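Report on the following structure.
In this note's numbering, the protein residues as written are 1414 to 1828.
The following block contains the structure:
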């Protein structure tokens, strides 16, 4: 056999193997109750890995952020419920592997129940009382990390060296159900943080509070009500900025506690005022939302709860970890030409909700970060199988790969 002919045959065989593998994990799920299809990647083992095993008894709180030093560096923070220390892990490849040499911990001093990690970017104007203190001035005038703990006044720790050393802005923590769930930098240089109201409810309903910082996260204003619903309680708002038709929109996704559905609220004035929260469309209905944006697109990860309280609706992905991405326009107009992605097939939603009721692990709120090289990182702690302990899982996806799946080649996946 001639060498060139032999090489050609080998190439054809390899192409066939690659195509077969892609069909194994890229399965299409049709659901007559939803207007858009679902791409199932739950069986694709190449996109996920287990970072850390937890305990059946103690919930584990996680938060992760992209570091400013490298495009694919991720810092993961996790802490058991009522722990006195936070563990940190570092990944240099978008969560696909984790640096065994980086083993850092933050000692809090007294037990905490909640953490949330974010990036502080750019210079900030310090109040007069801080201008003479060189250490605090340095903290407020470079890219940093900030980790929030529960309680008010807002308590946090700030790192100037990507998580190696931390400066605490508090002396003592008091356990509280007031929690910072999201934070973003505004056009005017301030930061806005959204908080769960906890026991500070309005007319017996949970609302979303907002607080501002003008000094790089060192101090925060007294919380004000940002988003409220006249009938239902809402919590766990996640915020992202979207440039849409030349206007700056700040979008917050939150959970309706009673009905286990998602709501959306929009601000067009840097978070000063917010629209009345309205339910999200059926194709992205759920809870435990998180969101990030790039080039006018929203990347939203969540737990699917569509049809949970309606026995007439058959939704094969109810309770599963999902991803959707599209524009604000797509949300308004039925998600045309978009699709959902199933990342993980979780236990039955009824089992998950029962576990939450008994303060056991079901699934925590995921973290989502857009990285360099078209990578999307999603990290979440959950009970993936009832027979095994819960664990932190890291999902790494290529956004350009997702973009290849459109209505034209859905039919190819079925062949």
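Positions of the beta carbon are idealized from the N, C-alpha and C atoms, including for glycine. Predicted, not measured: the structure shown is a model, and the values here were computed from it.
A straight line joining the alpha-carbon of residue 1770 with that of residue 1763 spans about 11 Å. In the DSSP assignment, residue 1498 falls within the beta strand (DSSP E) that extends over 1496-1504.
Between residue 1501 and residue 1464, the alpha-carbon positions lie close to 11 Å from each other. Just so you know, the alpha carbons of residue 1533 and residue 1692 end up roughly 31 Å apart. Segment contact: the stretch 1562-1575 against the stretch 1621-1640, three or more CB-CB distances shorter than 8 Å; contact assigned.
Every beta strand (DSSP E) stretch that sits fully inside the stretch 1582-1658 and reaches 3 residues is listed by chain position as 1593-1598, 1604-1609, 1621-1626, 1637-1640, 1647-1657.
Runs of the beta strand (DSSP E) spanning 3 or more residues and lying entirely within the stretch 1694-1780 occur at 1699-1707, 1710-1717, 1734-1739, 1753-1757, in chain order. In the DSSP annotation of this structure, the continuous segment of the alpha helix (DSSP H) that includes residue 1815 starts and ends at 1812-1817. Taken through DSSP and simplified to helix, strand or coil, residue 1510 comes out as coil. The C-beta of residue 1456 has fewer than 16 other C-beta atoms within 10 Å across all chains shown, which makes the residue exposed. Residue 1616 sits away from residue 1591, with the two beta carbons spaced by 8 Å or more. Under the Cβ criterion (8 Å, minimum of three pairs), the stretch 1693-1703 counts as touching the stretch 1739-1757. Rounded to the nearest angstrom, the gap between the Cα atoms of residue 1752 and residue 1684 is 29 Å. For residue 1458, the secondary structure class from DSSP, reduced to helix, strand or coil, is helix. About 13 Å separates the Cβ atoms of residue 1639 and residue 1651, ruling out a contact at the 8 Å cut-off. Exclusion of the five residues before and after residue 1618 leaves 1646 as the residues of its chain whose Cβ lies within less than 6 Å of its Cβ.
For residue 1669, the uninterrupted beta strand (DSSP E) run begins and ends at 1660-1669, by DSSP. Nearest C-alpha to residue 1703 among 1470, 1475, 1453, 1471: 1475. Per the DSSP secondary-structure output, residue 1490 pairs in a beta bridge with 1476, 1501. Around the CB of residue 1660, fewer than 16 other CB atoms lie within 10 Å, so the residue is classed as exposed.
The alpha-carbon of residue 1481 is positioned some 27 Å away from that of residue 1497.
Taking C-alpha positions only, residue 1625 is separated from residue 1441 by approximately 44 Å.
Residue 1788 carries a strand assignment under DSSP once its states are collapsed to helix, strand and coil.
Per the coordinates, the alpha-carbon of residue 1792 lies some 23 Å from the alpha-carbon of residue 1740. Looking at the DSSP output, residue 1692 sits in a beta bridge with 1676.
In the structure shown, residue 1560 falls within a strand segment according to DSSP collapsed to helix, strand and coil. One alpha carbon belongs to residue 1675, the other to residue 1459, and they sit about 30 Å apart. Apart from the 5 residues on each side of it in sequence, residue 1717 sits with its Cβ closer than 6 Å to the Cβ of 1699, 1730, 1731, 1733, 1735 in its chain, given in chain order.
The beta carbon of residue 1450 lies closer than 8 Å to those of 1441, 1442, 1443, 1444, 1752, 1753, 1823 in the same chain, with the five residues before and after it left out. Beta-bridge pairing by DSSP links residue 1518 to 1500. The stretch 1576-1596 and the stretch 1511-1523 touch, with no fewer than 3 CB-CB distances between them shorter than 8 Å. Per DSSP, the continuous beta strand (DSSP E) segment holding residue 1569 begins and ends at 1568-1572. Contact between residue 1795 and residue 1774 holds, since their C-beta atoms are separated by about 7 Å, short of 8 Å. Shown here, residue 1808 sits in a strand according to DSSP, grouped into three states.
An exposed status is given to residue 1802, since fewer than 16 other beta-carbon atoms sit within 10 Å of its beta-carbon.
C-alpha of residue 1667 to C-alpha of residue 1723: approximately 21 Å in a straight line.
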